[in-house]
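Q: Sequential numbering from 1 applies to the sequence shown in full-length UniProt numbering. All C-beta atoms, glycine included, are put in the ideal place defined by N, C-alpha and C. Computed from a prediction, not measured in an experiment: that's the story for all the values here.
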Amino acid sequence: ATPKTIMRTMGVKGLTLYHLKSHLQKFRQGRQLCKESTENSKDVSCAAESQDTGSSSTSSLRLAAQEQNESYQVTEALRAQMEVQRRLHEQLEYGQVQRRLQLRIEAQGKYLQSVLEKACKAIEDQAVAFAGLEAAREELSELAIKVSNGSQVPFHTTKMTVPSLSELAVAIEHKNNCSAESSLTSIPVSATLMKRHRGVFRNGESVVVGHETGWVMPSSSLG
Numbered sequence: 001a002t003p004k005t006i007m008r009t010m011g012v013k014g015l016t017l018y019h020l021k022s023h024l025q026k027f028r029q030g031r032q033l034c035k036e037s038t039e040n041s042k043d044v045s046c047a048a049e050s051q052d053t054g055s056s057s058t059s060s061l062r063l064a065a066q067e068q069n070e071s072y073q074v075t076e077a078l079r080a081q082m083e084v085q086r087r088l089h090e091q092l093e094y095g096q097v098q099r100r101l102q103l104r105i106e107a108q109g110k111y112l113q114s115v116l117e118k119a120c121k122a123i124e125d126q127a128v129a130f131a132g133l134e135a136a137r138e139e140l141s142e143l144a145i146k147v148s149n150g151s152q153v154p155f156h157t158t159k160m161t162v163p164s165l166s167e168l169a170v171a172i173e174h175k176n177n178c179s180a181e182s183s184l185t186s187i188p189v190s191a192t193l194m195k196r197h198r199g200v201f202r203n204g205e206s207v208v209v210g211h212e213t214g215w216v217m218p219s220s221s222l223g
């Protein structure tokens, strides 16, 4: 629409084309100012929004970094706690293993001690038995030597007990009517032994001298 067309349409008396153009120019300037102010306000709002967005993004970044730092600290704390628990568990297992090893060493020592004591006792018993066997062997050796020496001596040379002259004198007095030979045979044991051995009497004592012979009486004892 042109200014003339607008003036005809309006039909206002005394309205000139100059007035209409000036009014249109003012209207256009007003609209332009409103448009510019609107655009400026939009720009300001956009800038504010961008600033708000930037601040919010910055704050969100800060919050994210803080959360990440906190999560890292929590992770490190959990890792340290797990490491401590692992070390405690290893120390506990090591203590249990060391305890079992100590008990096994003590049991082995007791077993070796008992074996050693049994061995010492067996050695002592063997020593005692050997000493007994040695003593028995010595006794048997001595007995064998005695038996050997005894077997080498003739029986008729062993010392026998014979009556003295006083005993013979008493026997002769009881047997006055008998001969000297019968009076000697009246003593069973002494006569028998005297018949088996030849005796030589000195000072009233009997001495064994030789082998089995007849009885020999000194002439002084028969008077």
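From the DSSP output, in three-state form, read off threonine 2 for me.
A: What you label residue 2 is simply residue 2 of the sequence shown in a count that begins at 1. Three-state DSSP puts threonine 2 in coil, outside helix and strand.
Q: Let me know the secondary structure DSSP gives threonine 16 once reduced to three states.
A: Here the question's residue 16 lines up with position 16 in the sequence shown. Note: threonine 16 maps to coil in three-state DSSP.
Q: Report the rounded CA-to-CA distance for glutamine 126 versus arginine 87, giving the unit in angstroms.
A: For the purposes of this step, residue 126 is taken as the residue at position 126 of the sequence shown. For the purposes of this step, residue 87 is taken as the residue at position 87 of the sequence shown. Whole-angstrom Cα-Cα distance: 57 Å.
Q: Rounded to a whole number of angstroms, what is the C-alpha to C-alpha distance between lysine 121 and glutamate 90?
A: Locating residue 121 in the sequence shown gives position 121, counting from the first residue. Locating residue 90 in the sequence shown gives position 90, counting from the first residue. Approximately 46 Å between the Cα atoms of the pair.
Q: Hey, how far is the Cα of valine 95 from the Cα of glutamate 83?
A: Residue mapping note: residue 95 aligns to position 95 of the sequence shown, counting from 1. Residue mapping note: residue 83 aligns to position 83 of the sequence shown, counting from 1. Checking the sequence shown, residue 95 turns out to be glycine, not valine. Spanning the two alpha carbons is a distance of roughly 18 Å.
Q: How many whole angstroms separate the CB atoms of lysine 4 and leucine 17, which I take to be in contact at a CB cut-off of 8 Å?
A: Position 4 of the sequence shown, counted from the first residue, corresponds to residue 4. Position 17 of the sequence shown, counted from the first residue, corresponds to residue 17. Right, the Cβ-Cβ distance comes to about 7 Å (below 8 Å), so this counts as a contact.
Q: Serine 141 to leucine 101, Cα distance in whole Å?
A: Within the sequence shown, residue 141 is the residue found at index 141, counting from 1. Within the sequence shown, residue 101 is the residue found at index 101, counting from 1. Distance between the alpha carbons of serine 141 and leucine 101: 58 Å.
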